[in-house]
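Accompanying notes for the structure given below.
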Amino acid sequence: MEFICLIGTLAVILVLGFFFVIFFEAYRRRNNHQHIEVPAIFEDPNSLKQVPCPHVVDPASKYISLIIPAFNEEHRLPGALEETMIYLQQRASKDPSFSYEVVIIDDGSTDGTKRVAFEFVRKYTVDKVRVILLGRNHGKGEAIRKGMLHSRGELLLMLDADGATKITDLEKLENQIRAVAKKDGDSSGSDPSFRISDTPVVVFGSRAHLEEKALATRKWYRNFLMKGFHLVVLLAAGPGVRDTQCGFKMFTRAAARKLFSNVRLKRWCFDVELVFLCKWFRIPISEISVNWSEIPGSKVNLLSIPNMVWELLLMSVGYRIGLTITFGVLFMMIGHGGFGFFFTVVILLGSRLL
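Under the numbering used here, think of the first position of the sequence shown as 3, with each following residue one higher.
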């Protein structure tokens, strides 16, 4: 009996110690220098002058901003960017009120991405194309957050550097945003002071209509892993969005200001956190089918999926118990492999009940 009591006491001490370390690490990370925002700077390659970036809290001075995160995209970026600029120029020539900017965020690339990006700045001027250099790799989520916070558009579109989605499809998202913004922000339809940027609205591009074809062409184990990931996404963020991971999303300025001032995940799962935050702040989300094609050279591989699951656990538990998302130590303690994945799903199921 004494032995059982001893084992029980040790177990309680270990559990309490486990949670103490988690909360201590969460507190430490929340209050250290890593959370201090470093001012973003644009560099003009012609004059070599460094200009402080505008901020999303400032009034919009462009109609639309296109935010492109780029990490080692020396080969895929030029074609996608040239197609994008041709579309924007043609639209601006037909509509003088259409103003735009393209913001490229170099997420610590080690190839010639920076050089390629600055070639476009020289070609189209720093007013049309701007480059933010992050110095080291932070992750796609952080790169997009940085770009969103320092853009000038009434509408802000995030898109991938590979050009997987047809740029002309931004008009589909734009029309949907206008329809929802008009309904929510100007029900009478006659308010002359109405600005689309003032109403928080989000529209996700969706590849859900292509799922059947994708399932037929993928390897069985990739389908199994993706279905499992979608299940975890459903548990973490709830229903409502079929395709959270498409890199083609549009935000009004009001929505971007609210969401990207609060998003915490820095890598692949920040999209799921955006869904969660939209529900948290009651920002309407719509999904619109887009023309998408797979481009060779994707940065996402099967080894990324465990890390994506860990991020979802971090988000789900962190929000539901009212703490900022600083539970990185939890993942190190959970470990990797099948048990870690099972434990993650169990915690997500439990957190959905909180």
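Ideal Cβ positions, reconstructed from N, Cα and C, are used throughout, including at glycine. All figures in this text were calculated on a predicted structure; none of them were measured in a lab.
Nearest to residue i (by Cα), restricted to the options the options
i, options, result
"P47", "D129, R93, C280, A181", "D129"
"V274", "E296, R259, S263, L315", "L315"
"E156", "R138, I169, E176, G141", "E176"
"T170", "A119, P98, M87", "M87"
"V118", "P98, G81, F283, P241", "G81"
"F283", "K142, R259, R209", "R259"
"C280", "W294, V205, A181", "V205"
"H77", "A163, G137, A94", "A163"
Buried versus exposed, by CB contacts within 10 Å (16 or more), residue i
i, result
"R132", "buried"
"W270", "buried"
"P56", "buried"
"C248", "buried"
"D245", "buried"
"D97", "exposed"
"V265", "buried"
"A257", "buried"
"A42", "buried"
"K142", "buried"
"V53", "exposed"
"L83", "buried"
C-beta atoms of residue i and residue j nearer than 7 angstroms
i, j, result
"E103", "R154", "yes"
"V105", "S67", "yes"
"E313", "L267", "yes"
"Q178", "I290", "yes"
"H115", "E75", "One point to set straight first is that residue 115 is Thr, not His, in the sequence displayed. In this structure, E75 lies closer than 7 angstroms to T115 by Cβ."
"N139", "G110", "yes"
"R209", "W294", "yes"
Beta-carbon contacts of residue i that lie in its chain and below 6 angstroms, excluding the five residues immediately before and after
i, result
"L151", "V58, F262"
"I107", "P71, I134, A145, K148, G149"
"F250", "L161, T167, G207, V292"
"S101", "K64, Y65"
"P61", "none"
"K174", "I290"
"R93", "F100"
"L172", "L159"
Contacting residues, own chain, Cβ-Cβ under 8 angstroms from residue i (five flanking each side not counted)
i, result
"D186", "T201, V203, P286"
"G137", "G110"
Spatial neighbours of residue i in its chain, beta-carbon cut-off 7 angstroms, leaving aside the 5 residues before and after
i, result
"A183", "I198, T201, V203, T254"
"H211", "S291"
"V243", "F206, V277, I287, E289"
Quick check for students: name the residue ranges of the alpha helix (DSSP H) that lie wholly in the stretch 139 to 216, counting only runs of 4 or more. Within the stretch 139 to 216, the complete alpha helix (DSSP H) segments at least 4 residues long are 142 to 151, 172 to 187, listed from N- to C-terminus.
List, from N- to C-terminal side, the beta strand (DSSP E) runs of 3 residues or more that fit wholly inside the stretch 240 to 312. Listed in chain order, the complete beta strand (DSSP E) runs (minimum 3 residues) inside the stretch 240 to 312 are 251 to 254, 287 to 291.
Please go through the stretch 68 to 148 and give each complete beta strand (DSSP E) segment of 3 or more residues, from N-terminal end onward. Qualifying beta strand (DSSP E) stretches, in chain order: 102 to 108, 131 to 135.
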